[in-house]
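Novice: Protein chains in written order, with our numbering: chain A, 1 to 112; chain B, 1001 to 1117.
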Amino acid sequence: DGGITQSPKYLFRKEGQNVTLSCEQNLNHDAMYWYRQDPGQGLRLIYYSQIVNDFQKGDIAEGYSVSREKKESFPLTVTSAQKNPTAFYLCASRRTGGRGYTFGSGTRLTVV
Amino acid sequence: DAKTTQPNSMESNEEEPVHLPCNHSTISGTDYIHWYRQLPSQGPEYVIHGLTSNVNNRMASLAIAEDRKSSTLILHRATLRDAAVYYCILRDDSPNAGGTSYGKLTFGQGTILTVHP
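Below is the structure:
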């Protein structure tokens, strides 16, 4: 079945460390997105990419970086510059011209 | 993206219909109304979307007011698996959306739906 796979499901990071969250899709979707969700809050956009080798900052990009070397993959790196990285991270994709978005099951990152 | 207003929470009994309201008084002519739902510790799931006419699919129905300033998501027979946070989102899907056409979804707080057995 086609879908989006995020890994790992749970991730613990020490302060000052960079960590990379994986997002892979086999839906042949062109656009991919990273969102962050804090407890009791809605989702906020971190980065998005409409095509390979191109990506744009969302509303809260500071302290994060991404790459889009392959259509299927859109990894997110949480750097040490992100002051409050503990959150639930969600990856999504969308077919160009499509209305609906497909979300992954998320990665819960905790800084210890 | 235009803002939406939803009740913080609603309750329903199993196998009864549920009507989830959403107000969007500042909606523009090219804004589509999207509904997503999110189960605990999972990613949001697409439910339905519409522009002007009422829409039906296997999951739900979407009733859109004639002036488009409000809409209602209808679950015809609630089940325990429908307990989730439901988000009503406006998005400009028009071809001429220009810089906004990258597909951003602006999520509000949503409505927490509790379904009682």
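Every residue gets a Cβ at the ideal spot worked out from N, C-alpha and C, and that includes glycine. Small disclaimer: the values here were computed from a predicted structure and weren't measured.
1) Going along chain B in order, which residues have a C-beta closer than 7 Å to the C-beta of A/K45?
2) Would you check if the stretch 1019-1031 of chain B and the stretch 89-96 of chain A touch, i.e. whether three or more CB-CB distances between them fall below 8 Å?
3) Under three-state DSSP, which class holds B/G1099?
4) Give a yes or no on whether the C-beta atoms belonging to A/T77 and A/T5 are separated by under 8 Å.
5) Can you list, in chain order, the residues of the stretch 1066-1087 of chain B whose Cβ is nearer than 8 Å to any Cβ on chain A?
6) Any C-beta of chain A sitting closer than 8 Å to the C-beta of B/H1121?
7) Tell me the residue span of the beta strand (DSSP E) that contains B/H1019.
8) Closer than 8 Å by C-beta to B/S1061: which residues in its own chain qualify, once you throw out the five before and the five after it? Chain order, please.
9) Take A/R68 as the anchor and find which of A/Y47, A/G2 and A/L27 has the nearest alpha-carbon.
10) Could you check the C-alpha separation between B/G1099 and A/N84 for me, to the nearest Å?
11) Strictly by DSSP, which residues pair up with B/V1085?
12) Could you please give the first and the last residue of the uninterrupted beta strand (DSSP E) stretch that includes A/S22?
13) Taking the beta carbon of B/H1019 as the centre, do at least 16 other beta carbons fall within 10 Å, making it buried, or is it exposed?
14) Give me whichever residues DSSP pairs with B/Q1006 in a beta bridge.
15) Run through the DSSP bridge pairs and tell me what B/H1049 is partnered with.
Specialist: Taking the structure as given:
1) A quick correction: the sequence has Leu, not Lys, at residue 45 of chain A. Taking the beta carbon of A/L45 as reference, the chain B residues within 7 Å of it are K1104, listed in sequence order.
2) No, they do not touch.
3) Note that B/G1099 has pLDDT 46, beneath the 50 cutoff, so the model's placement of it is unreliable and the number below is only indicative. In the structure shown, the three-state DSSP call for B/G1099 is helix.
4) Contact: no.
5) Closer than 8 Å at the C-beta level to chain A, one finds these residues of the stretch 1066-1087 of chain B: Y1087.
6) This structure leaves residue 1121 of chain B out entirely; chain B is present only between 1001 and 1117.
7) Under the DSSP assignment, B/H1019 falls in the beta strand (DSSP E) whose first and last residues are V1018 to N1023.
8) Within the same chain, and ignoring the five residues on either side of B/S1061 in sequence, the residues whose Cβ sits closer than 8 Å to its Cβ are I1048, N1054, V1055, L1073, I1074 and H1076.
9) It is A/Y47 whose Cα lies nearest to the Cα of A/R68.
10) Confidence in B/G1099 is poor, its pLDDT being 46 and thus under 50, which makes the residue's placement too unreliable to answer from.
11) In DSSP, B/V1085 forms a bridge with B/Q1038 and B/I1112.
12) Where A/S22 is concerned, the enclosing beta strand (DSSP E) stretches over V19 to Q25.
13) Exposed, because fewer than 16 other Cβ atoms sit within 10 Å of the Cβ of B/H1019.
14) By DSSP's assignment, B/Q1006 forms no beta bridge with any residue.
15) Paired residue(s): B/H1034.
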